[in-house]
Structures are given as structure tokens and as C-alpha cells.
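First comes the structure, then the notes that go with it.
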Amino acid sequence: MSDIFGLPSNEKVWPVRRYLDLHKESLEDPAGFWDIQARRLLWRKGWTQTLKWDPPFARWFVGGELNASENTLDRHVASWRKNKVAYLWEGESGEKRTVTYQDLFQITNRFASALQRLEVRKGDAVAIYLPLVPEFPAAMLACARIGAPFTVVFSGFSSKSLAERIQDCGAKVVVTADGGFRRGKTLPLKAVVDEALESTPSVRHMIVVRRTGQQVSMKTGRDQWWDDALRKGSSYVEPVPVEASHILYILYTSGTTGKPKGVAHSTGGYLVHALSTQDWVFDPKDDDVYWCTADIGWVTGHTYIVFGPLLHGLTSVMYEGALDYPQPDRWWQIIENYGITVLYTAPTAIRSLMRHGEEYPRDHNLRSLRLLGTVGEPINPAAWYWYFNEIGQGRCPIVDTWWQTETGGIMISPSPKLGLVALKPGSATFPLPGIDAEVVDEKGESLPPGQKGFLVIRKPWPGMFLTLYKDNERYKQVYWSRFPGVYYPGDYALRDQEGYFWLLGRADEVMKVAGHRLGTIEVEDALVSHLSVAEAAVAGRPDPVRGEAIVAFVTLKSSTRPSKELEEELRQHVKKTVGPIAVPDRIYFASLLPKTRSGKIMRRVIKAVASGDDIGDITTLEDGASVEEVKSAIEMLREAERRPKNNR
Ligand code: WTA
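Note that the sequence shown covers residues 123 to 770 in our numbering.
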């Protein structure tokens with residue numbers, strides 16, 4: 123067994139074999155295994171069947187009833203944790219708020235009551251578009267308390283993206299704030315919602331948290347301030363028990379078409395997965411000061427800022443602002459000030475802080491840290507070592523956690539709680555108990571060690587999403603048709619000689635830009651919706667900090683000529699259509715895009731050109747396209763790239 127890098131010898135490191143035995147045992151009877159885990163939650167009614175597997179639809183804990191808000195709040199309020207801090211909140215400008223479990227319980231109840239007054243009932247959807255403030259988890263838990271599925275939309279999405287999501291789930295109420303702070307500036311959140319609501323007839327009410335104090339217009343009869351709504355609400359609302367497969371939330375995520383996918387998560391299975399993985403991966407201690415740096419707008423925030431930590435009664439830090447604002451040592455200052463013990467973040471953040479140099483972390487006392495985590499994309503060894511040596515000071519294991527919006531919680535990761543295996547920088551090591559992962563070839567056959575293939579999950583797990591909201595067909599087609607009978611996440615992977623899993627990035631048209639998941643087609647759709655654009659092809663280009671940067675090749679309508687102004691206009695157009703996170707890093711004007719004979723853009727070629735990779739053999743191009751035509755299109759793309767200011 124190889125040693126864990128630099129960890130002191132008293133750290134419990136298991137032989138890989140022992141972990142694998144434990145894992146194997148869990149897979150002998152996965153339903154039985156998960157049945158035991160589920161008993162740690164508070165159920166109002168027991169289940170009669172642990173798993174009903176009607177492929178590809180899994181229903182866990184059939185017949186069981188519970189409430190997510192009761193499990194995360196009422197249990198603690200009835201215990202010694204009543205006055206324990208749930209969130210230590212820090213605003214970007216340095217203001218602080220301390221929210222105990224009792225505080226969170228009160229806010230949640232009052233808001234649940236406010237929602238009831240607005241006639242939100244079990245099954246009605248509520249949309250949430252908020253900056254990172256303590257009201258955010260309270261709003262989610264209030265919805266859960268009355269059985270209203272919520273959908274959180276990341277505040278970096280445009281009004282059009284927000285409207286699309288609201289239309290899809292038919293939300294009756296939207297919760298937002300007047301604005302949010304980012305790098306000392308304010309974002310006009312309420313104004314974005316106002317615009318979205320022009321095309322969302324389902325919405326009857328908007329509740330507005332006062333955060334920045336900026337000027338907003340309140341529409342009489344529709345809009346009200348959060349504080350007013352809370353004042354009118356009563357201090358206790360009986361939690362509504364819901365069936366285990368009742369939708370807790372819908373979270374929209376990017377896929378390979380322009381339309382975002384509404385990933386619908388259950389209540390029972392999801393909570394079991396959140397509870398178990400928080401435990402196995404982060405080995406929670408009652409005196410932990412835990413910090414997951416994600417935004418709640420993404421799944422990582424849902425599971426590991428809200429549900430996982432609250433189920434365990436943990437104290438979390440929640441920081442509102444940018445990671446290097448006002449100085450590049452902001453995070454290290456936070457770790458020192460609060461005595462953070464567990465830090466869970468993304469490789470893109472590590473790389474971005476690494477760029478500023480080690481003098482910033484070295485200036486701070488980081489000795490409180492005991493465990494580090496990463497999520498969202500593969501971590502490159504240089505970033506891994508920097509994180510390990512400079513931040514963990516060689517003492518803290520790194521849990522590299524692989525999972526997705528669809529999986530609900532962590533799937534592949536080291537497990538300090540169950541026995542840490544020797545770590546290898548860049549490998550997420552092994553699947554967690556109850557998770558049956560494998561790497562297969564094009565035909566779905568298991569691959570021998572060292573060969574790159576596709577990751578699959580062979581058996582359902584409790585955090586598995588129920589379906590794509592109102593679109594069972596797309597659910598079947600996207601995830602279950604590539605390899606019949608097994609779940610296809612869309613990632614490349616390989617296993618090494620010792621069986622370790624190495625996740626190697628997306629095998630489809632999904633990009634990871636600074637940790638944000640975006641479909642190339644979403645950006646293309648936005649570009650072609652501009653009057654001047656004829657066609658657009660978008661790809662991710664490897665970027666040393668953000669993982670991938672968005673590169674767009676655009677052909678213009680014959681009446682339009684490329685210009686610097688047009689490039690800027692297209693950027694603004696994408697910003698307005700999808701949101702700031704989708705704005706291309708580079709837009710190249712091309713006269714031709716490489717296509718198959720049937721007119722489909724050759725994505726492989728676009729990606730290779732954007733990444734500066736070898737195009738490979740184009741004589742075997744699909745669909746019998748003309749090799750000459752494709753060659754000349756590639757040449758033109760390359761030429762467009764070479765023009766430094768492409769529009770002059
Ligand atoms: C990628 C984020 C390598 C992967 C929780 C996956 C990772 C996608 C890792 C899901 C990791 C996530 N190593 N790749 N540790 N974690 N990914 O839905 O490609 O935003 O399919 O969920 O992120 O992104 P999502």
C-alpha cells in the first residue's frame with residue numbers, strides 16, 4: 123500500500139482491500155444496506171418496501187412518510203443543539219450574523235406560515251432567486267415544511283433563464299432579494315425577477331428580502347417584503363408529512379439540448395443519501411466549524427450547505443461574497459477567524475487562489491483545519507499538492523468527491539469515517555458503500571485497468587433523482603438508453619491497477635466553466651438568437667484557472683460584417699439571454715463551420731480546434747462529409763483564431 127502523502131502515521135489509513143471488502147458487502151444487498159441507513163432519520167410513518175425498482179424508475183422507502191424541515195430543525199430544537207449555531211454568516215462587506223438552530227427554526231416556521239397565507243399548498247412549486255444569506259436555507263426549509271417543492275435558480279442566471287425555469291415548474295411564488303453584493307457592487311436581483319415575471323403567469327406573489335437597500339419598485343398586491351411577511355406569519359407550523367418520493371426540489375441543470383433539465387429529487391431517498399454521505403465523507407464532529415464554499419444555487423449548496431450539515435446538527439460558515447475580495451486572503455482570513463475545521467470547495471477556486479501565491483495563506487493561522495474536500499471537476503495534481511501542502515499544511519486528507527446534480531449526493535470519494543484509503547492526487551478513489559460504479563467500453567462491457575471508458579452506475583441508490591420533471595421520456599433517453607439497464611452519467615473514467623477511479627471529464631457537450639455546468643448548446647442558442655448571427659459553434663477550451671473557458675465560432679448573416687462592436691454586442695446578448703456565467707471568453711468570426719453532409723456541426727472538430735488539439739483522422743468523418751470541405755473549414759477557423767483582434 124502506498125502511503126498517504128505526508129499524513130502523520132497516527133491517521134487511520136486502511137488497506138484498500140479492507141475498504142473494498144466493506145464496499146462489496148454493502149452491494150450484496152444494497153436495499154438492505156440502505157434500509158439500515160434510513161433508520162437514522164425521523165419518519166412519521168415507516169416504509170413497507172425499501173426499494174421498488176421499475177427500471178429506470180426507482181422509488182425508495184415506499185409507503186414511508188417524513189418531513190425534511192422536521193428532520194433538519196425540530197429534532198435539534200428539541201435537543202441540546204437548540205442554541206447551537208447553525209450558520210455563522212459573513213457578508214462581503216464584513217457584517218456578521220449568527221443563526222442558531224432555534225433562530226433558523228423560527229424564521230422557517232414564520233415563513234412557512236407566510237407561504238400558507240399566500241395559499242401555497244402541498245405540491246405547489248416555489249422559486250427561489252437569492253444571494254447567499256441565511257434567509258436562503260430558511261426559505262427552502264419553509265417550502266419543505268409545507269410539502270411545497272422548491273426550485274432554486276442561481277442568481278447568475280438572466281431573467282430569461284429564470285422565466286424559463288419558472289414556466290417549466292409553474293411556481294406560484296418567487297422569493298428574491300432587492301439585490302446582492304458582488305465585489306463591492308450590487309446586483310439588481312429584484313429587477314431581474316420583475317422582468318422574468320412578465321412572462322410567467324403562474325406567479326402570484328413575490329417575497330423580497332431586504333439585503334442591499336437599493337431602490338426597487340414593489341407591485342401592490344403582488345410583492346411584499348420578507349420582514350412584513352414574517353411578521354404576519356405565526357410562530358409554528360405543523361410539518362406536513364410527505365411520502366418518501368414526494369418531490370423535495372427541482373433543480374435545473376444543463377444537458378446537451380438548449381432546454382435545461384429539471385432534475386426532480388425525492389424527499390426520503392435524497393435525505394438518506396445526504397445524511398449518509400455527509401457522515402462518511404466529512405466525518406462530522408459536534409465541534410466542527412464546517413465550510414462548504416459553494417453557492418446554494420448549485421446542487422453542492424443544496425446537499426452540503428443545507429441538508430447534509432443540518433441533518434447532522436453542524437455549525438457551518440456561510441460567506442456571501444467573492445473569494446478574493448477585497449484581498450486575495452479573504453478565505454484564509456475566514457478560516458482563521460472562525461477556526462474552520464472542514465473546507466469543501468472546487469478545484470477552480472483552489473487554482474484561482476493558488477495564482478495569488480502562498481504568501482497569502484502563510485500569513486494566516488490555518489491550524490484548525492482537519493479535512494479538505496473538492497468537487498465539481500477533476501483536480502489537477504499541481505492544485506492538489508498546493509491545497510494539501512499550503513492549506514492543509516500536510517496534515518489534512520483531501521476528499522475528492524465525484525457526483526452530479528442528478529445523483530443528489532457524493533458517489534465516489536474517500537471516506538475518512540469508514541476508513542481512509544491511501545490517496546492519489548487526482549483520483550476520487552472508490553465508490554461509497556451502496557454505490558455500484560464501473561467503467562465500461564462503447565458496448566457496455568467492463569474495461570480492464572488503465573483503459574479509458576465511460577463511467578456507469580449499475581444499481582439505483584437513494585439520492586438518485588426521480589426523473590426529469592414532466593419529462594420521463596427525456597429521462598430515459600439521456601441517462602438510460604446509452605447502456606441499457608445502467609445509469610450513464612456522461613463522464614469519462616478509468617480504473618488503475620489498484621482499482622482506483624479516475625474521473626476524466628465530460629463525454630458529452632457539457633462544459634464546466636469555473637465549476638458552473640453549462641451546455642455548449644445553451645450558448646449556441648443564445649448566439650443564434652441574435653439577428654446578425656447565422657450559425658454558432660461553442661466548445662470549452664482548457665483554462666488554467668477556470669477548468670474550461672467558453673470559445674465560440676460564429677458565422678454572420680451575409681448583410682453583417684464582423685466588428686469589435688458586434689463582438690461586444692454578442693457578449694451582452696449572451697449575458698442577457700443566459701446570464702453572466704455563459705459569456706464566451708473568445709468569439710471568433712468564421713466564414714464556414716465544419717459540418718457533416720447532413721448539416722450537423724462537427725463538434726469533435728470544433729472542440730479540437732478550440733483546444734488547440736490535433737484534429738485526428740478526418741478521413742473517417744461521420745456521415746461521409748467532404749474531407750476537403752471540412753479541411754478548409756478548419757483552416758478558416760484556425761485563421762480566425764490567429765487574427766489577434768479578429769474583427770479588424
Ligand atoms: C464533474 C456537481 C471529476 C463531472 C456536484 C460531473 C467531477 C459533473 C467531480 C456534475 C470530481 C463533479 N472529479 N469530475 N470530483 N465532481 N465532476 O451537476 O463531470 O454541477 O458529471 O454537480 O461535474 O456537475 P454538477
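Here a beta-carbon is modelled for each residue, glycine too, at the ideal position from N, C-alpha and C.
Pull the bridge partners of residue i from the DSSP assignment, please.
i: F623; result: T551, R617
i: L188; result: V364
i: H638; result: V635
i: T496; result: T467, D522
i: I579; result: A559, Y609
i: D176; result: F179
i: S438; result: Y209, Y412
i: Q455; result: Q455 pairs with nothing; no bridge assigned.
i: G302; result: L309
i: T589; result: A386
i: I250; result: V274, V297
i: K167; result: E187
i: S568; result: V562
i: R489; result: According to DSSP, R489 bridges with nothing at all.
i: R628; result: D613
i: E135; result: Before going further, note that residue 135 is Val rather than Glu in the sequence given. In DSSP, V135 forms a bridge with L542.
Which same chain residues, not among the five before or five after residue i, have their C-beta less than 7 Å away from its C-beta?
i: L164; result: L188, E192, N193, R197
i: T220; result: V207, L210
i: G531; result: H395, A396, T399, T425, W525, G585
i: E644; result: S376, G380, V700, A704
i: K581; result: P152, D558
Taking all protein chains shown into account, do 16 or more other C-beta atoms lie within 10 angstroms of the C-beta of residue i, making it buried, or fewer, making it exposed?
i: R333; result: buried
i: G495; result: buried
i: D745; result: Low confidence applies to D745: its pLDDT is 49, below 50, so where it sits in the model is not reliable, and the reading given next is rough at best. D745 comes out exposed.
i: Q573; result: exposed
i: N231; result: buried
i: T342; result: exposed
i: L653; result: exposed
i: D151; result: exposed
i: D345; result: buried
i: I288; result: buried
i: A266; result: buried
Residue range of the beta strand (DSSP E) that residue i falls in?
i: E560; result: 559-562
i: T194; result: Counting along the chain, T194 falls outside any beta strand (DSSP E), and DSSP gives it neither H nor E.
i: M328; result: 327-331
i: R219; result: 218-222
So residue i is in the alpha helix (DSSP H); what residue range does that whole segment cover?
i: Y141; result: 138-150
i: V727; result: 725-733
i: K598; result: 594-602
i: S283; result: 281-291
i: R530; result: Reading the sequence as shown, one finds Gly at residue 530 and not Arg. No alpha helix (DSSP H) holds G530; DSSP gives it neither H nor E.
i: R484; result: 481-484
i: W508; result: 503-508
i: R267; result: 257-267
i: L433; result: 430-433
Kindly list the residues whose CB is nearer than 6 Å to the CB of residue i, restricted to its own chain and excluding five residues on each side of it in sequence; keep chain order.
i: D405; result: P538, K539
i: F155; result: S148, G556
i: G185; result: W169, T170
i: G575; result: V561, V562, D563, L569
i: G435; result: H198, R203
i: T463; result: D410, V411, S490, R492
i: C414; result: Y426, I427, Y466
i: L432; result: T194
i: T470; result: A636, G637, R668, G669
i: E458; result: H486, N487
Which same chain residues, not among the five before or five after residue i, have their C-beta less than 8 Å away from its C-beta?
i: D485; result: D451, W454
i: T589; result: F179, A386, Y597
i: Y614; result: K574, G575, F576, L577, L625, L626, G627, R628, A629
i: H327; result: L240, K294, V295, V296, R344, D345, Q346
Any heavy atom of the ligand ATP closer than 7 Å to the Cβ of residue i?
i: D522; result: Here the bound small molecules are the ligand WTA; the ligand ATP is not part of this structure.
Quick one: is residue i near chain C, going by C-beta distance under 8 Å?
i: F183; result: In the structure shown, chain C does not exist; there is a single protein chain.
- beta strand (DSSP E) segments (min. 3 residues) lying fully within the stretch 643-722: Counting only runs of 3 or more, we get 655-665, 669-678, 708-711.
- Query: Counting only runs that start and end within the stretch 338-411, where is the alpha helix (DSSP H) found for 4 or more residues in a row?
  - Reply: Unbroken alpha helix (DSSP H) runs of no fewer than 4 residues, entirely contained in the stretch 338-411, are found at 348-354, 390-404, following chain order.
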